[in-house]
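>
Protein chains: 2
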Amino acid sequence: MVDIATRVHNHNWRIDPIVRSLIDTDFYKLLMCQSVFRNKPDTSVTFSLINRSKSVRLAELIDEGELREQLDHVRSLSLSRGESTWLRGNTFYGKRQMFRPDFMEWFEALRLPDYHLEKRDGQYELTFEGTWPEVMLWEIPALAVLMELRSRAFLKNMGKFELEVLYARAMARVWEKVERLRALPALKLADFGTRRRHGFLWQDWCVQALQEGLGDKFIGTSNCRIAMRRDIEAIGTNAHELPMVYAALANNDAELAQAPYQVLADWHEEHDGNLRVMLPDTYGTAGFLKNAPDWLASWTGIRIDSGDPATGAETAIQWWQERGEDPSEKLVIFSDGLDVAEIEKLYAQFHGRVKVSFGWGTMLTNDFRGLVPGDGLAPFSMVCKAISANGRPTVKLSDNANKAMGPAEEIARYKRVFGVGEQQAAEIFV
Amino acid sequence: MVDIATRVHNHNWRIDPIVRSLIDTDFYKLLMCQSVFRNKPDTSVTFSLINRSKSVRLAELIDEGELREQLDHVRSLSLSRGESTWLRGNTFYGKRQMFRPDFMEWFEALRLPDYHLEKRDGQYELTFEGTWPEVMLWEIPALAVLMELRSRAFLKNMGKFELEVLYARAMARVWEKVERLRALPALKLADFGTRRRHGFLWQDWCVQALQEGLGDKFIGTSNCRIAMRRDIEAIGTNAHELPMVYAALANNDAELAQAPYQVLADWHEEHDGNLRVMLPDTYGTAGFLKNAPDWLASWTGIRIDSGDPATGAETAIQWWQERGEDPSEKLVIFSDGLDVAEIEKLYAQFHGRVKVSFGWGTMLTNDFRGLVPGDGLAPFSMVCKAISANGRPTVKLSDNANKAMGPAEEIARYKRVFGVGEQQAAEIFV
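The listed protein sequences correspond, in order, to chains A and B. Take our numbering: the last position of the first sequence gets the number 502, and nothing is skipped along the way. Take our numbering: the last position of the second sequence gets the number 502, and nothing is skipped along the way.
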């Protein structure tokens, strides 16, 4: 029977919104937002979209009017009563009331600030300015909107059956991956694929495939909206933006050298257990660990997000041993550009030596490589980053020279302050 | 929004019926039924299910209670008003009122006769007895019920995502075939896949895939229900049961030798144009053509349904030339165990020399080979045939010794009467 009400409802949509909820975002953005709201609420920041895949000429693929409609729609969103209830009442990482009442009141009243959009050289320049807690929440929806509009631009030229077969092939591919992964007996894996997903519905399908196919090996999703909808764990800790902004705010080299540790000191006060996971690569993993204060060695784990992941994990294991910690009690989360082959390899190398966990992103939620002529649905590398704080440029080095960002003279200064020497440069796919 | 009415309706189904309409059958069954209703209405026949794939032990796979429920449901069916209107009012093969009022009145009142079901040696013995016009309509629903119950027996042990991925893979496979076929510029192809389909919904999907993917190259479906539902041509002419029963009714060898031509003489009176398509292989194509009356050479075409198809078509071309006919004006329909590779090969060999057309069956609507462990969804070879008429056994020889059926002494007699010598034996897949 025809569902007339749904049809009529659909007719009345002005647009088909890509992001329909303020919590259709990564859990760690909310954790970080609360931390920033507490520790640096008045910092002025600028976030900017950066498409590292210059060959994907977004301004030629995506209509500016459609893009503005989607971004305007995101600005119209506010936390729903059910979402607020879920955030206030749910248990995250075993803890009730993770989100404090003062933060929730602020969040309930929040609308995202304005954006600035221009076309240049076939790309969109999209920037967001304002106070840090507000602007930072643009990152994930901005990426998701651009990713999905680019998918839609391609999909709208396809027929009904081509579409059905496209998704049939993509589903078969995801399921083959799931079948390979479930052969790993002690696997722990989470969906980290919100920001570069093919689309919301596709991410939601992928999460259900992991639920059904991996059972207990699937530990949750970074996406709060999907975690709420599917009644599963929301997963995530913290990201590069914290040390990047803290570092930009430093008034001298001494403060700069301490900035990454100051981030974690603030985090240490707020969180314990599995939320005490450090991200050491912002200004080079080796130097970060060498100069780290002793209390950091007691933290639960580490997230490896750039450079050769096996090298990063071996470095961390050696560091824990030097600091008198038992690596087998420590958590290592791999999250950089993973696909099944890398997960299998890293699992084989580290399972048993440390507690291994995987945050699987783009190759879970957007592996449409090779499925259409011209590969117009293949994922590409786009980020949305803090580029300045209180008028000062931010810098990121990471463990991959190709991921470095910031003004050249500032990069040189950061390399000197953090003692970063020669770095490997690896191609960035996603 | 939840479609409550549909849900409640579904809750109230006693069973989930496999065959929901008396016209969920092949068009040629209705054409033949009308011919039989006119020419041989009082003939008593027995039809029997024959599973040529002995390794598929249907009685161990399919619950007898479920099978009886489905067969009983088929017996409860009668022609709906809309179906009757479609049969009476539609144009078939360019002709209005293909079905005569006396036949339609009889059909509107029809319920299928009883069945006899027993288990023996891991198989079901399923037979139907009664007058020919009634019993013959059991063939397609009986096959479709057994085929789909065997699919369902396997599918019920699969999870939601395994199912989704199974169909995703099957869809991708059908679409790859469609993409290969549409490269043939003057292709004419029909769906002949009702009897050994994976299931009704799947056949309906395959038909839509052909509609979308092949456009004008897709000329229609043998399934009346789907032709009506999708507003496309119903396709089909006549089958082996006519000469088999006519032959069994013959009182001596002279009448037997004439029986196949008597079938076509009756058909000649009723039909013209594209419905004048002979099926020459029941008792050997070579002898049939050699002894055929001259008026048969004027017929529109021939259907090649056993033996090596290229040989059969070359034999027909040579025969037309001997009888002074222009083969390029003649229609050759290939319909035996086709898949894409055979279609491509036959098209390359015969396109331009004759009008080529393809009736694509099992490998269209049931190619689930290799998609599940143990290949429990692979199609298998099952038929439902007239085994006796007015108490006398029927015989079929065909152009493949492995397809011969009937008592040994009768097979020997038929071979003598029809001058059939040594025959090739080819493996039967479907």
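A virtual CB, placed ideally from N, CA and C, is assigned to each residue, including glycine. Note that the coordinates shown come from a computational prediction; the quantities given were computed from them, not determined experimentally.
Say whether chain B places a C-beta atom closer than 8 angstroms to the C-beta of residue 129 of chain A.
Chain B contact via Cβ: absent.
> Can we say the region 91 to 108 of chain A touches the region 261 to 280 of chain A, given the rule of at least three CB pairs closer than 8 angstroms?
Yes: the two stretches touch, three or more of their Cβ pairs being nearer than 8 angstroms.
> With a threshold of 6 angstroms on Cβ separation, who are the neighbours of residue 156 of chain B within its own chain once the five nearest residues in sequence on each side are excluded?
Cβ within range, chain order: 180.
> For chain B, find out if any of its Cβ atoms is closer than 8 angstroms to the Cβ of residue 232 of chain A; answer yes or no.
So, interface residue.
> When the cut-off is 8 angstroms and only beta carbons count, does residue 382 of chain B lie next to chain A?
Not closer than 8 angstroms to any Cβ of chain A, the Cβ of residue 382 of chain B fails to qualify, so no.
> What are the complete beta strand (DSSP E) segments, minimum 3 residues, inside the region 92 to 176 of chain B?
Counting only runs of 3 or more, we get 116 to 123.
> When we look at the beta-carbon of residue 445 of chain A and count the other beta-carbons within 10 Å, is it buried (16 or more) or exposed?
Exposed is the call here.
> Does any residue of chain B bring its CB to less than 8 angstroms from the CB of residue 237 of chain A?
Output row for residue 237 of chain A: interface = yes.
> Does residue 401 of chain A come out as helix, strand or coil in the three-state DSSP assignment?
Here residue 401 of chain A sits in helix by DSSP.
> Indicate whether residue 387 of chain B and residue 418 of chain B have their beta-carbon atoms separated by less than 8 angstroms.
Contact flag unset, no.
> Please go through the same chain and pick out, in chain order, the residues whose beta-carbon is closer than 7 angstroms to the beta-carbon of residue 279 of chain B, but skip the five residues on each side of it.
The answer, listed in chain order, is 263, 293, 298, 302.
> Identify which residue in B/138, B/276, B/471, B/202 has its Cα closest to the Cα of residue 357 of chain B.
Per the Cα distances, B/471.
> Expressed to the nearest angstrom, what Euclidean distance is found between the alpha-carbon atoms of residue 315 of chain B and residue 123 of chain B?
The alpha-carbon atoms of residue 315 of chain B and residue 123 of chain B are separated by roughly 22 angstroms.
> On the DSSP letters alone, give me the boundaries of the alpha helix (DSSP H) that residue 426 of chain B sits inside.
Neither: residue 426 of chain B is in no alpha helix (DSSP H) and is coded neither H nor E.
> Go through the region 300 to 357 of chain A residue by residue and report every complete run of the alpha helix (DSSP H) that reaches 4 residues or more, in order.
Correct list: 313 to 321, 325 to 342.
> Excluding the 5 residues preceding and the 5 following residue 336 of chain A in the sequence, name in chain order all residues of the same chain whose CB lies nearer than 7 angstroms to its CB.
Excluding residues within five positions, the ones whose Cβ falls inside 7 angstroms are 350, 368.
> Reducing DSSP to helix, strand and coil, say where residue 277 of chain B ends up.
Helix at residue 277 of chain B.
> Which one of A/259, A/148, A/300 has the shortest CA to CA distance from residue 424 of chain A?
Residue A/259 is the option with its Cα nearest to residue 424 of chain A.
> If the cut-off is 7 angstroms on Cβ atoms, which residues from the region 235 to 260 of chain B count as contacting chain A, listed in chain order?
Here the close residues are 236, 237, 240, 241, 243, 244, 247.
> Which chain A residues are close to residue 285 of chain B, counting only those with a beta carbon under 7 angstroms from its beta carbon?
Per Cβ cutoff of 7 angstroms: 233.
> Residue 393 of chain A to residue 306 of chain A, Cα distance in whole Å?
Computed Cα separation, rounded: 31 angstroms.
> Can you find at least 3 beta carbon pairs, one from the region 338 to 348 of chain B and one from the region 370 to 381 of chain B, that sit closer than 8 angstroms?
Yes: the two stretches touch, three or more of their Cβ pairs being nearer than 8 angstroms.
> Does the beta-carbon of residue 220 of chain A have 16 or more other beta-carbons within 10 angstroms, so that it is buried, or is it exposed?
Residue 220 of chain A comes out buried.
> If I follow the unbroken alpha helix (DSSP H) through residue 238 of chain B, where does it start and stop?
Here the alpha helix (DSSP H) through residue 238 of chain B covers 232 to 253.
> Using the beta-carbon of each residue, which ones in chain B are nearer than 9 angstroms to residue 369 of chain A?
Within 9 angstroms Cβ-Cβ: nothing; residue 369 of chain A doesn't reach chain B, min ~42 angstroms.
> Within this structure, are the beta carbons of residue 319 of chain A and residue 467 of chain A separated by less than 8 angstroms?
Yes; because the gap between Cβ atoms is below 8 angstroms, this pair is in contact.
> Measure the alpha-carbon distance for residue 413 of chain A versus residue 421 of chain A and round it to whole angstroms.
About 12 angstroms.
> To which residues of the same chain is residue 223 of chain B closer than 7 angstroms at the C-beta, ignoring the five residues directly before and after it?
Closer than 7 angstroms at Cβ, skipping near neighbours: 270, 271, 449.
> Does the separation of the CB atoms of residue 143 of chain B and residue 187 of chain B fall below 8 angstroms?
For residue 143 of chain B and residue 187 of chain B, yes; Cβs fall inside 8 angstroms.
> Apart from the five residues on each side of it in sequence, which residues of its chain come closer than 7 angstroms, Cβ to Cβ, to residue 436 of chain A?
Around residue 436 of chain A: 263, 265, 278.
> Answer with buried or exposed for residue 480 of chain B, where buried requires no fewer than 16 other C-beta atoms within 10 angstroms of its C-beta.
By the 10 Å Cβ count, residue 480 of chain B comes out exposed.
> Between residue 299 of chain A and chain B, is any beta-carbon pair separated by less than 8 angstroms?
Residue 299 of chain A does not count as touching chain B.
> DSSP three-state call for residue 373 of chain A: helix, strand or coil?
Here residue 373 of chain A sits in strand by DSSP.
> Quick one: which residues of the region 268 to 282 of chain B get their C-beta closer than 8 angstroms to a C-beta of chain A? List them in chain order.
Residues passing the 8 angstroms Cβ filter: 280, 281.
> Span of the alpha helix (DSSP H) holding residue 384 of chain B?
Element bounds for residue 384 of chain B: 381 to 394.
> Any idea if residue 205 of chain B is buried or exposed, counting beta-carbon neighbours within 10 angstroms, 16 or more meaning buried?
Counting Cβ neighbours within 10 Å, residue 205 of chain B comes out buried, since at least 16 surround it.
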